[in-house]
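In the working numbering, the protein residues as written are 12 to 353. Take a look at the structure below.
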Amino acid sequence: MRLSFFPPSGSSTTTYRHRCRTKLFSPVQMEYCHYHATAPRHQRRKIVVIMGPTGCGKSRLSIDLATRFFPSEVINSDKIQVYRGLDITTNKIPMPDRRGVPHHLLGEIVDRHLTPSEYRSLAARYVSSISDRRKLPLVVGGSNSFIHALVANRFDPDSDVFHETEPDPVSKDLRYNCCFLWVDVAIPVLNQYLEKRVDEMLDSGMFEELEEYFDSGEFRESGESTGLRQAIGVPEFEPYFRKFPSHTIGTNHEVDSMRRAAYEEAVRAIKENTCQLAKRQAGKIQRLRGAGWDLRRLDATEVFRAAMGGLGSGSDSACASGVWERQVVEPSVKIVKRFMAE
Numbered sequence: 012m013r014l015s016f017f018p019p020s021g022s023s024t025t026t027y028r029h030r031c032r033t034k035l036f037s038p039v040q041m042e043y044c045h046y047h048a049t050a051p052r053h054q055r056r057k058i059v060v061i062m063g064p065t066g067c068g069k070s071r072l073s074i075d076l077a078t079r080f081f082p083s084e085v086i087n088s089d090k091i092q093v094y095r096g097l098d099i100t101t102n103k104i105p106m107p108d109r110r111g112v113p114h115h116l117l118g119e120i121v122d123r124h125l126t127p128s129e130y131r132s133l134a135a136r137y138v139s140s141i142s143d144r145r146k147l148p149l150v151v152g153g154s155n156s157f158i159h160a161l162v163a164n165r166f167d168p169d170s171d172v173f174h175e176t177e178p179d180p181v182s183k184d185l186r187y188n189c190c191f192l193w194v195d196v197a198i199p200v201l202n203q204y205l206e207k208r209v210d211e212m213l214d215s216g217m218f219e220e221l222e223e224y225f226d227s228g229e230f231r232e233s234g235e236s237t238g239l240r241q242a243i244g245v246p247e248f249e250p251y252f253r254k255f256p257s258h259t260i261g262t263n264h265e266v267d268s269m270r271r272a273a274y275e276e277a278v279r280a281i282k283e284n285t286c287q288l289a290k291r292q293a294g295k296i297q298r299l300r301g302a303g304w305d306l307r308r309l310d311a312t313e314v315f316r317a318a319m320g321g322l323g324s325g326s327d328s329a330c331a332s333g334v335w336e337r338q339v340v341e342p343s344v345k346i347v348k349r350f351m352a353e
């Protein structure tokens, strides 16, 4: 089943086409330009943070807002997508799907590990430059540790506010004027989608991409559990490619059976670990909310139910698009309009 409403963002071909008219210039944009022209220098910069577990539609919402309502640029806050390479495996949004919206810190980091402290510094520069161009910075991604590092007024690189057993306190004191949009999906529904997304990523060339990566010097020279080595798909397929390098060819039924079993085990692990990641990300969001961060929840559960309700037909896609507009896009626009008018 191909989920036409939410195609895998790492797909080599673009299946999604925006069905809504683009508003090239709107009164809201005028208001935002006016805000920048008149805001006192001491006033905190305004940013919109789009957060949520992996696969929930954060990138789509950012493009909807940036192309139809607010002149914006995206700052990626996914700690794996910051690295160059493995575009399918890491689910980077393809260039055609970006619809001309500039994206920063997306596939920019090469040959080194990016810490939350370094991300804080780099992303802050983009916030300043985007704001100075009278555009709205959209911080988009599922890595809550990067989001916290960027927006917290006081950041201790040695502190871990998301430690599983002994977390440090989360501060409500933020260095930006933040509008948090939290795209939420019921975990059982999201898990069903994530498992199907893995299958579609494999259909789009994920296995071949990983095969090339494991053959490259980049994999052999990279440190353990740093950079792209952290991407879901790399550790899961590592046993397979160590046992069956790309230049080896099965010579008998027994070898072919072993190869197939190793492949299926890697795929099973990818699906399980992706679902576990979504669960952990949702838990971290709840921790930020419990600490007093004003997260505006947008429930996209019915969108996914509609998209997966049949066989991926055009009617399913149209229904899901309508639900997405009503339950996610329209509330988001109202929230951001009020935020910008404050």
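Cβ coordinates follow ideal geometry from the N, Cα and C atoms, glycine included.
C-alpha gap between T312 and R300, whole angstroms: 19 Å
CA-to-CA distance, D108 to Q338, given in whole angstroms: 22 Å
Limits of the unbroken alpha helix (DSSP H) element including M351: E341 to A352
V334 (DSSP reduced to helix, strand or coil): helix
Sub-8 Å separation of V59 and L149 beta-carbons: yes
Cβ contact (3+ pairs, closer than 8 Å) linking the segment 195-202 and the segment 159-177: no
DSSP state of I141 mapped onto helix, strand, coil: helix
Closest residue to A293 among Q54, F230, R308 and G238 (Cα-Cα distance): R308
Contact belief for Q297 with I91 at Cβ below 8 Å, rounded distance in angstroms: About 22 Å; that fails the 8 Å criterion.
Collapsed DSSP secondary structure at K90 in the structure displayed: coil
DSSP-derived helix/strand/coil call for L205: helix
A163 classed as buried or exposed, judged by whether at least 16 other C-beta atoms fall within 10 angstroms: buried
Contact check, G118 vs M62, beta carbons under 8 Å: no
Residue closest to R71, alpha-carbon to alpha-carbon, out of A352, M319, M351 and V314: V314
For S83: DSSP bridge partner residues: L147
Cβ pair K295, N102 closer than 8 Å: no
CB contact flag (R165, D184, <8 Å): yes
R208, buried or exposed, once every other Cβ within 10 Å from all chains shown has been counted against 16: buried
Every unbroken alpha helix (DSSP H) within the segment 266-332, with a cutoff of 4 residues, ordered by chain: 312-318
Residue span of the alpha helix (DSSP H) that contains M5, given as start and end: For residue 5 there is no data in the structure shown, the boundaries of the chain being 12 and 353.
Bridge partners - N188, DSSP secondary structure assignment: K57
Beta-bridge pairing of V200 - partner residues as DSSP gives them: Looking at the DSSP assignment, V200 forms no beta bridge with any residue, so it has no partner.
Between the CA atoms of P82 and S73 - distance to the nearest angstrom: 11 Å
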